[in-house]
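Structure, as structure tokens:
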Amino acid sequence: MKRILIVDDAATVRLYHRMILEEAGYQVVEAINGIEAMEKSLQESFDLYIVDINMPKQDGYGFLSDLRGRDLPQAPALMISTEAAANDRKRAYIAGANLYLVKPVKPTELLTHCRLLLGEAHA
Amino acid sequence: MTDKSISQEDFYKFREFFYRKTGIQFEDSKRYFVDKRLIERIVATESGNFRNYFVMLRFETSGEELQTLTNLMTVNETYFFREEYQFQCLVASILPEITAQKKDYSPIRIWSMPSSSGEEAYSIAMYLLEYWPGINQWDVEIISSDIDTKILAQARLGNYGTRSIQKLPSHLLKKYFKCNRDGYQICDDLRQAVEFTRVNLMKPADVRAYRGFDIIFCRNLLIYFDDLSRRAAADTFFDALNPGGFLLLGHSESMSRISSLYQVRKFTDSVVYQKSKEAQ
Amino acid sequence: MPFVKQQQSETIGQDERKRVRDCASLELQLSDQNPTARRWAARDLASCPESSAALVEQLQQESDSSVREIILTTLTQLGDELAVASLVDLLRSEDVALRNEAIEAMKLLPDEVAPIMGNLLKDPDPDVRISAVNILESLRHPHVETWLKEVIEQDAHVNVCATAVDLLGEVGTVYSREALENLKIRFSNEPYISFATDLALKRIRLA
Chain Y
1 MKRILIVDDA
11 ATVRLYHRMI
21 LEEAGYQVVE
31 AINGIEAMEK
41 SLQESFDLYI
51 VDINMPKQDG
61 YGFLSDLRGR
71 DLPQAPALMI
81 STEAAANDRK
91 RAYIAGANLY
101 LVKPVKPTEL
111 LTHCRLLLGE
121 AHA
Chain X
124 MTDKSISQED
134 FYKFREFFYR
144 KTGIQFEDSK
154 RYFVDKRLIE
164 RIVATESGNF
174 RNYFVMLRFE
184 TSGEELQTLT
194 NLMTVNETYF
204 FREEYQFQCL
214 VASILPEITA
224 QKKDYSPIRI
234 WSMPSSSGEE
244 AYSIAMYLLE
254 YWPGINQWDV
264 EIISSDIDTK
274 ILAQARLGNY
284 GTRSIQKLPS
294 HLLKKYFKCN
304 RDGYQICDDL
314 RQAVEFTRVN
324 LMKPADVRAY
334 RGFDIIFCRN
344 LLIYFDDLSR
354 RAAADTFFDA
364 LNPGGFLLLG
374 HSESMSRISS
384 LYQVRKFTDS
394 VVYQKSKEAQ
Chain R
404 MPFVKQQQSE
414 TIGQDERKRV
424 RDCASLELQL
434 SDQNPTARRW
444 AARDLASCPE
454 SSAALVEQLQ
464 QESDSSVREI
474 ILTTLTQLGD
484 ELAVASLVDL
494 LRSEDVALRN
504 EAIEAMKLLP
514 DEVAPIMGNL
524 LKDPDPDVRI
534 SAVNILESLR
544 HPHVETWLKE
554 VIEQDAHVNV
564 CATAVDLLGE
574 VGTVYSREAL
584 ENLKIRFSNE
594 PYISFATDLA
604 LKRIRLA
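Residue numbers (our numbering), protein chains in the order written: chain Y, 1 to 123; chain X, 124 to 403; chain R, 404 to 610.
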């Protein structure tokens, strides 16, 4: 079973994404910010990261650049944020995101992009 | 009349809040444990029901009730070799890294706080003597601090009851303790290995002299502080550490709720926090 | 025994006391070349009630994130009008980390932040309004639910409302029920809003 780490400080957003992904057969782990996400990434491995930008203590950019700079098994990252400015997209890709979506994300949209990033293209 | 019912939704709501605040996450299987303690506090605070209690917990300006509840939800005891996996990590991974980055043979400095009655600091000394070969080449300085002078006096004395020594292997008990009518007396060599000092972590004037540490143990203390105090404490430790130095928190604590100053590191079973080697 | 003792808190303490750490010299040390000196100056300024202006000035040009964190801790401890005003400015910063630090600091200042919350929630910039709702997340203040209810009744921006609903799942009561039901209708084409309002309503009903 593919494992996905959801990094978001909003409990309802984590629950919403979890519900969609679990229903589609993925296993989901949650983290509240970049530091907790790193703690979990050091202890278990994931096939995909779904990362918010604005979070306390360590934001999504900080987490992704930290992750990409480490000698760890790497996985694709989908960044989801409320910010739509082109500059944010650029920063997300520089930090190591593979795709950038603007909130709120519809269930079908989330699943399509997750499957693409997980290499399950025809689903 | 107190309404002692806690609905499933109440439980979820509380669980999310408590996780956000402390990093402690309760599985569904812990429901009974959590409910029991919540009800205990609902009764003690005369809140009448969960809803009123949760509003108080959430909005009370002092944040005192959250600290009381956290105390109740976690087990805080001190005994020799508590959370031993961290001592294993100390000798197997952290000390080799510290000695490799030291440019001279200056002593390795370890700060343990809160000292409480001394079990942690003495455990560190014992662990180094028993399980760290480097002890033959390196000088080590262990300082253990607490705000409470009475408990410090007790720590210096080093006399313990059976509760404190329950997890200690019997050959070490034999080697480092003498049994007397008051309990178990730790040997003088170990008593002299640790310097006990009084420190109020919240007073910059108290902590300014504490610097140049390679390793700081601060386990199961910050979780009981309010948000601002725990952040100030993490800031203080940052300047007490050498670049590349390590900070170890308790098993249920996470820096993710406290500060962004540190890098997360993992060695076998332990997640620890490091001050960047480049930090000035 | 290979254990040594060097720590002499008393003597070092006396040396330190000899060095005058008055407020004016601490403010000067805020721009010292050495980050450790800057951190110590920022930390010690917590006992200088008039130092917010100097701290804010340094914060705006400070490049070391560890110094910034400690300046923000001290500004939070001081919590005066100037400190709060500078935190509000930071909510508009381009730097995400700095913006989030300001949000965290403001969460800890309920009495000081409450009088300006109304304006923040009406700011023309939706990102500032989202930040304001994020402050409410941990603000220990009795008006939190009232503010959130107003947001979901009045704010046109879906993500501002989404952030507010998330929080109403935790603090919402019967008082917000109707507003939640209306929000669900207003954003009926947004599955996330439906999900979040249903969750909040379920919790209100079963509480």
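No residue lacks a Cβ here, since even glycine has one placed at the ideal position from N, Cα and C.
What you are looking at is a predicted structure, and each value in this text was computed from that prediction instead of being measured.
Residue i: first and last residue of the uninterrupted beta strand (DSSP E) it sits in
i       : result
Y:Val13 : Where Y:Val13 is concerned, there is no enclosing beta strand (DSSP E), although the alpha helix (DSSP H) it sits in stretches over Ala11 to Glu23.
Y:Met79 : Ala77 to Ser81
Which of helix, strand or coil DSSP assigns to residue i
i        : result
R:Gly575 : coil
X:Ser170 : coil
X:Gly335 : coil
R:Ile588 : helix
X:Pro366 : strand
R:Glu413 : At R:Glu413, the pLDDT of 46 sits below 50, so the modelled position is not reliable; the number obtained from the coordinates is stated separately. Reduced to three states, the DSSP call for R:Glu413 is helix.
X:Glu401 : coil
Y:Asp8   : coil
Y:Asn54  : coil
X:Cys310 : coil
R:Trp443 : helix
X:Asn343 : coil
R:Ser534 : helix
X:Thr359 : helix
X:Ser352 : helix
X:Lys136 : helix
R:Ser454 : coil
R:Phe406 : strand
X:Val322 : coil
Short CB-CB distance (under 8 Å) between residue i and chain R
i        : result
X:Arg164 : no
X:Gln403 : yes
Y:Val29  : no
X:Ser383 : yes
X:Thr168 : no
Y:Ala11  : yes
X:Arg181 : yes
X:Asp350 : yes
X:Phe361 : yes
X:Arg279 : no
X:Glu318 : yes
CB contact check: residue i to chain Y, cutoff 8 Å
i        : result
R:Tyr578 : no
R:Leu602 : yes
X:Ser377 : yes
X:Val178 : no
R:Thr476 : no
R:Pro452 : no
Min CB distance residue i to chain X below 8 Å
i        : result
Y:Arg3   : no
R:Gln447 : In the sequence as displayed, the identity of residue 447 of chain R is Asp instead of Gln. Chain X, which has a Cβ nearer than 8 Å to the Cβ of R:Asp447, makes this yes.
Y:Gln135 : The first residue shown for chain Y is 1 and the last is 123, placing residue 135 of chain Y beyond what the model contains.
R:Asn537 : no
R:Thr439 : yes
R:Leu511 : yes
R:Ile506 : no
R:Gln409 : yes
Range of the contiguous alpha helix (DSSP H) that encloses residue i
i        : result
X:Leu245 : Residue 245 of chain X is actually Tyr in this sequence, not Leu. X:Tyr245 -> alpha helix (DSSP H) spans Glu242 to Tyr254.
R:Trp550 : Val547 to Gln557
X:Asn199 : Unbroken run through X:Asn199: none, as it is neither H nor E.
R:Asn503 : Val499 to Lys510
Any non-hydrogen atom of the ligand MN closer than 7 Å to residue i Cβ
i        : result
X:Val330 : Of the ligands one can find in the structure shown there are none, so the ligand MN has no counterpart to examine.
Going along the chain, which residues of the stretch 129 to 140 of chain X sit with their C-beta nearer than 7 Å to a C-beta in chain Y? Glu139
Residues within the stretch 245 to 263 of chain X neighbouring chain R, beta-carbon criterion of under 9 Å: Ala248, Leu251, Leu252, Ile258, Asn259, Gln260, Trp261, Asp262 and Val263
Can you pull out the residues from the stretch 187 to 217 of chain X whose beta carbon lies closer than 9 Å to at least one beta carbon of chain Y? none
The stretch 21 to 29 of chain Y in contact with the stretch 374 to 388 of chain X per 3-pair CB rule at 8 Å: no
Taking only beta carbons into account, state which residues of the stretch 478 to 496 of chain R come closer than 8 Å to chain X, listed in chain order. Thr479 and Gln480
Determine which residues of the stretch 23 to 53 of chain Y have a Cβ less than 7 Å from any Cβ of chain X, and write them out in chain order. Ile32, Asn33, Ile35, Glu36, Met38, Glu39, Leu42 and Gln43
For the structure I just gave you, are there three or more beta carbon pairs, one from the stretch 187 to 202 of chain X and one from the stretch 216 to 231 of chain X, closer than 8 Å? no
Any contact of the stretch 158 to 171 of chain X with the stretch 521 to 539 of chain R, i.e. 3+ C-beta pairs under 8 Å? no
At least three beta-carbon pairs within less than 8 Å, the stretch 33 to 48 of chain Y to the stretch 63 to 79 of chain Y: yes
Contact between the stretch 279 to 295 of chain X and the stretch 309 to 323 of chain X is defined here as three or more beta-carbon pairs at a separation below 8 Å; is this criterion met? yes
If the cut-off is 7 Å on Cβ atoms, which residues from the stretch 79 to 106 of chain Y count as contacting chain X, listed in chain order? none
Taking Cβ-Cβ distances below 8 Å as the criterion, which residues of the stretch 542 to 570 of chain R are in contact with chain Y? Val561, Asn562, Ala565, Thr566, Val568 and Asp569
Is the number of C-beta pairs between the stretch 326 to 340 of chain X and the stretch 355 to 372 of chain X that are closer than 8 Å three or more? yes
Segment contact, 8 Å Cβ cut-off, at least three pairs: the stretch 94 to 105 of chain Y with the stretch 551 to 558 of chain R: no
Does the stretch 597 to 608 of chain R come into contact with the stretch 564 to 580 of chain R, if we say contact requires no fewer than three beta-carbon pairs (one atom in each stretch) closer than 8 Å? yes
Contact list for the stretch 582 to 602 of chain R against chain Y, Cβ threshold 8 Å: Glu593, Pro594, Tyr595, Ile596, Phe598, Ala599 and Leu602
Would the stretch 457 to 471 of chain R count as touching the stretch 434 to 449 of chain R if we require 3 or more Cβ pairs under 8 Å? yes
Which residues of the stretch 458 to 474 of chain R have a Cβ closer than 9 Å to any Cβ of chain X? Give them in chain order. Asp467, Ser468, Ser469, Glu472 and Ile473
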